[in-house]
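Residue numbers for the sequence shown follow this note's numbering, so the first one is 1 and each next one is one higher.
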Amino acid sequence: MDSTVAAIMTQNGRAETKVVSTPRKTSKGGWNAAIFIIFVEVALRFGYYGLAGNLITFLTNDLHQSTSTAIKNINTWVGVSAIFPIFGAIVADSLLGRFKTILLSSTIYFVGMVLLTISVSVIPTHYREAVFFIALYILAVGEGGHKPSVQTFAADQFDEEEPEEKAAKSSFFNWWYLGIVVGASSAILVVIYIQDNLGWTAGIGILTGALGVALFIFLIGIKRYRKQAPVGSPFTMVAQVFVAATRKRRVVQTRQGWGICYEAGGTDIEGQPRKRTLAATNQFRFLDKAMVIDDLDASSKTRNPWRLCSLNQVEEVKLVLRLLPIWLSCLMFTVVIVQTHTLFIKQGSTMTRSIGPDFQVPPASFQSLVGLTILFTIPLYERVFIPAARKITGHSSGITMLQRIGIGLFLSIVEMVVAALVEGKRVSIAREHGLMDIPKATIPMSVWWILPQYMISGISDVFTVVGLQELFYDQMPESMRSMGAAAYISVTGLGSFFNTAIITVVQAITARSSGILLGNNLNRAHVDYFYWILAVLSALNFCVYLWVAHSFVYKKVEGEKPQEGRELAFAEHLDAKT
């Protein structure tokens, strides 16, 4: 507590001086803490994209894998890396807490990078592939613990009870993603060039060194962090609600509702922020039976959590169930994302990439166009789009999280249409010059033709990726936010597996014809047909998303205005200040 001297007027008119105790504002948390966490995340993204961005080149050129095999191996690795965060989230929320999970998983990731460096330098050729893939999957384990914890841990540095910090948290997700893009773009522009021109040993070595420095910086900020204690397995709470509702499935609803219900609010847990009480909602009404007090509950001296659950528990499970359809309807978006670091690279590698007489742009470096687009788009989104949209909608963020995601999904359809048209043009030029059966020949077509599809990819990421990050943090129960981050990340993983399944099905269907899709000769691989297939699937998926989003109900908290009213009031407050 801080002591403040104050002058107080007494009843007889005399002024007296008293010492008043005021709460001391904590020095922990906020941007002063989040910036250290951002450093370690930027370094891991630097390492991840420095590797993943050019991995198809290493697998096809150095390990001599076919294009389709390399794509499937990359999809499997990306998928596993995105599925493991589900287990990492359980460890973070139930056992170690987010800080310890980040520290442990980042150390594992660093070990994997060291082994990766050794595998491309001193390991004999006949053992190289095995050691290389072992190192890749050690990285996947590290990713599993790091990804669901680090963003949630950084967002936890902003107190939702403080209006200024709550407003800062909304902007945090945009600037957090911007930091990731800076790390990824730097790796794609610099490290990939080094890999192609100086060798993979130097390229991977730089990534390993950067990660080591970032871990040191992360530890420097240890006294600034707000650390939250683990709360136990989130699956237990979910299971209790379903078991209790099943046991009371024969309870009959009356005109007045379910009868007497157990409405205890959230229980505060030491080391966790104060839990807010959720308001009752009308969706998934069958779960409401879990909080009905029947004769057995009334006669029992203690509450059996597997028979009787609180209103807060039931509503938290409903939050999770509402997010599942959104999660499923974003799978096709990640299938489209996968193309930027697989087929787009192979597409660009066949085109004219010269800048001047001596410089050839590495094909994988064109992924940086996505990052550069994001670097320009996010500040415009924050400074121009949000204020303009806010005046129209009255929403503090300009548009809702679901609207933001939907815009990105629509742009992903446009991206595939543009990519298909450009690929069709590339093939027609190859045919005109008699290069169809010379797969290694350079097509006399500038590589800048693929610039639009990369730029559209970057803009769609600003809308959908950041929107998903915010949605799965904001709408998940507070005790399950690491799991929310893992759920968002796992969309990428399942999308990668889905992409592999689409390739397998397409190849099986076309195997009987001479023009098999996605064969080794890109000129006859009919990649444009594959892009059109993805465009059609994405359009169908977008229709499903619109239907799901239309019925989505945002989190409601007791004592707070409904979201639309709250956002309108906040917008009016901002307009009054400006």
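We treat Cβ as the ideally placed atom computed from N, Cα and C, and that holds for glycine.
From a predicted model like this one, the values you see are computed outputs, not experimental measurements.
Checklist entry - Of the choices R45, E41 and N174, whose alpha-carbon is the least far from that of Y381? => result Taking the first residue of the sequence shown as position 1, residue 381 is located at position 381. The shortest C-alpha separation from Y381 is found at N174.
Next on the checklist: Can you tell me whether V505 is buried or exposed? The criterion is at least 16 other CB atoms within 10 Å of its CB, across all chains shown.
Outcome noted: Position 505 of the sequence shown, counted from the first residue, corresponds to residue 505. Flag for V505 reads exposed.
Checklist entry - DSSP three-state call for S94: helix, strand or coil? => result On the sequence shown, position 94 is the one that residue 94 refers to. S94 falls in the helix class under three-state DSSP.
Checklist entry - CB-CB under 8 angstroms to Q240, same chain, minus the five flanking residues each way: which ones, in chain order? => result Numbered from its first residue, the sequence shown carries residue 240 at position 240. These residues qualify, in order along the chain: A290, P305, W306, C309 and Q313.
Checklist entry - In whole angstroms, what is the alpha-carbon distance linking S68 and N523? => result Counting from one through the sequence shown, the residue named residue 68 turns up at place 68. Counting from one through the sequence shown, the residue named residue 523 turns up at place 523. Whole-angstrom Cα-Cα distance: 14 angstroms.
Checklist entry - Taking the alpha carbon of V114 as the point to measure from, which residue in S66, D196 and I206 has its own alpha carbon closest? => result For the purposes of this step, residue 114 is taken as residue 114 along the sequence shown, with counting starting at 1. V114 has its Cα closest to that of I206, out of S66, D196 and I206.
Item to check | Proximity winner among L343, W200, I459 and G199, relative to I71 (alpha-carbon distances) | outcome: Here the question's residue 71 lines up with position 71 in the sequence shown. Nearest option by C-alpha distance: L343.
Checklist entry - Quick check: the segment 100-115 against the segment 211-225, are there 3 or more CB pairs under 8 angstroms? => result yes
Item to check | For M476, the three-state DSSP class (helix, strand or coil) | outcome: The sequence position of residue 476 within the sequence shown is 476, counting from 1. Of the three classes helix, strand and coil, the one that applies to M476 here is coil, per DSSP.
Checklist entry - Taking the alpha-carbon positions, what's the I489 to S121 distance? => result Translated into positions along the sequence shown, residue 489 becomes position 489. Translated into positions along the sequence shown, residue 121 becomes position 121. Their backbone Cα atoms lie some 32 angstroms apart in a straight line.
Checklist entry - Pairing CB atoms from the segment 28-41 with CB atoms from the segment 218-230, are three or more of them under 8 angstroms? => result yes
Checklist entry - Where does the unbroken beta strand (DSSP E) through P591 begin, and where does it stop? => result With the chain covering 1 to 578 only, the question about residue 591 has no answer from this structure.
Item to check | M445 beta carbon less than 8 angstroms from that of I456 | outcome: Taking the sequence shown and counting its residues from 1, the one referred to as residue 456 is at position 456. Taking the sequence shown and counting its residues from 1, the one referred to as residue 445 is at position 445. Not in contact: I456 and M445 (Cβ atoms no closer than 8 angstroms).
Checklist entry - Does the distance from the CB of I345 to the CB of I102 come in under 8 angstroms? => result If you number the sequence shown from 1, residue 345 lands on position 345. If you number the sequence shown from 1, residue 102 lands on position 102. Contact flag unset, no.
Checklist entry - Closest by CA to S171, which one among R383, I220 and A210? => result Your numbering for residue 171 matches position 171 in the sequence shown. Of R383, I220 and A210, the residue nearest in Cα terms is R383.
Checklist entry - Which residue's Cα is closest to the Cα of R426: A441, I413, P325 and I35? => result Within the sequence shown, numbered from 1, the residue matching residue 426 stands at position 426. Nearest of A441, I413, P325 and I35 to R426, Cα basis: A441.
Checklist entry - Given A92, which residues of its chain have a CB within under 6 angstroms of its CB, disregarding the five upstream and five downstream residues? => result Against the sequence shown, residue 92 aligns to sequence position 92. If we look at A92 and ignore the five residues flanking it on each side, its Cβ neighbours are R98, T101, S149 and S482.
Checklist entry - Is S300 buried or exposed, if buried means 16 or more other CB atoms sit within 10 Å of its CB? => result Translated into positions along the sequence shown, residue 300 becomes position 300. Its Cβ having fewer than 16 others within 10 Å, S300 is exposed.
Next on the checklist: Q151 and A33 - do their beta-carbons sit closer together than 8 angstroms?
Outcome noted: Against the sequence shown, residue 33 aligns to sequence position 33. Against the sequence shown, residue 151 aligns to sequence position 151. Cβ atoms of A33 and Q151: not closer than 8 angstroms.
Checklist entry - Roughly how many whole angstroms lie between the Cα atoms of T602 and N73? => result There is no way to answer for residue 602, as the model of the chain reaches only from 1 to 578.
Item to check | Reduced DSSP secondary structure (H/G/I, E/B, other) of V553 | outcome: In the sequence shown, counting from the first residue as 1, residue 553 sits at position 553. In this structure, V553 counts as coil in the three-state DSSP scheme.
Item to check | Exposure label - Y177; buried when at least 16 CB within 10 Å | outcome: As a working mapping, residue 177 is identified with position 177 in the sequence shown. When all chains shown are included, Y177 counts as buried.
Checklist entry - Going by alpha carbons, who is nearest to A539 out of F333, V181, A298 and R250? => result The residue labelled residue 539 in the question sits at position 539 within the sequence shown. Checking every option, the nearest Cα to that of A539 belongs to F333.
Next on the checklist: Could you check whether the segment 394-402 touches the segment 74-86, counting it as contact only if at least three pairs of C-beta atoms, one from each stretch, sit closer than 8 angstroms?
Outcome noted: no
Checklist entry - If you check the beta carbons only, do A420 and W532 fall under 8 angstroms apart? => result The sequence position of residue 420 within the sequence shown is 420, counting from 1. The sequence position of residue 532 within the sequence shown is 532, counting from 1. Closer than 8 angstroms, so yes.
Item to check | Outcome for C543 when other beta-carbon atoms lying within 10 angstroms are tallied against a minimum of 16 | outcome: Taking the first residue of the sequence shown as 1, we reach residue 543 at position 543. Classification for C543: exposed.
Item to check | Cβ-based burial, T22 [other Cβ within 10 Å; buried from 16] | outcome: On the sequence shown, position 22 is the one that residue 22 refers to. Here the model assigns T22 a pLDDT of 44, short of 50, so the residue's position is not dependable and the matter cannot be decided.
Item to check | Beta-carbon separation (whole angstroms), I111 vs S119, contact threshold 8 angstroms | outcome: In the sequence shown, residue 111 corresponds to position 111, counting from 1. In the sequence shown, residue 119 corresponds to position 119, counting from 1. Position check: residue 111 holds Val in this sequence, whereas Ile was assumed. 13 angstroms between Cβ atoms; not a contact.
Item to check | Other residues of its chain near L211: CB distance less than 8 angstroms, five sequence neighbours each side excluded | outcome: As a position in the sequence shown, residue 211 is number 211, starting the count at 1. These residues qualify, in order along the chain: A43, L44, F46, G47, S106, Y109, F110 and M113.
Checklist entry - Going along the chain, which residues of its own chain have a beta-carbon closer than 6 angstroms to the beta-carbon of V117, five neighbours each way excluded? => result The sequence position of residue 117 within the sequence shown is 117, counting from 1. Reading off the sequence shown, one finds Thr at residue 117, where the question assumed Val. The residues are I204, G205 and T208.
Item to check | Cβ neighbour criterion (16 or more within 10 Å) applied to D288 | outcome: The residue you call residue 288 lines up with position 288 of the sequence shown. Looking at its Cβ environment, which holds 16 or more other Cβ atoms inside 10 Å, D288 is buried.
Checklist entry - Can you give the Cα-Cα distance for W448 and P363, rounded to whole angstroms? => result Here residue 448 is taken as the residue at index 448 of the sequence shown, counted from 1. Here residue 363 is taken as the residue at index 363 of the sequence shown, counted from 1. For W448 and P363, the distance between alpha carbons rounds to 11 angstroms.
Next on the checklist: With the cut-off set at 8 angstroms, would you say L95 and P230 are in Cβ contact?
Outcome noted: Counted from its first residue, the sequence shown places residue 95 at position 95. Counted from its first residue, the sequence shown places residue 230 at position 230. Taking 8 angstroms as the Cβ cut-off, L95 and P230 qualify as a contacting pair.
Item to check | Own chain, CB closer than 6 angstroms to P452, minus 5 neighbours either side, in chain order | outcome: Numbered from its first residue, the sequence shown carries residue 452 at position 452. Only V418 meet the Cβ criterion.
Next on the checklist: Suppose the cutoff is 6 angstroms on Cβ atoms and the five residues either side in sequence are ignored; what does the same chain contact list for I138 look like?
Outcome noted: Against the sequence shown, residue 138 aligns to sequence position 138. Excluding sequence neighbours, I138 sits near G112.
Next on the checklist: With DSSP as the reference, identify every bridge partner of L278, one or two as the case may be.
Outcome noted: Working through the sequence shown from its first residue, we reach residue 278 at position 278. L278 is bridged to V557.
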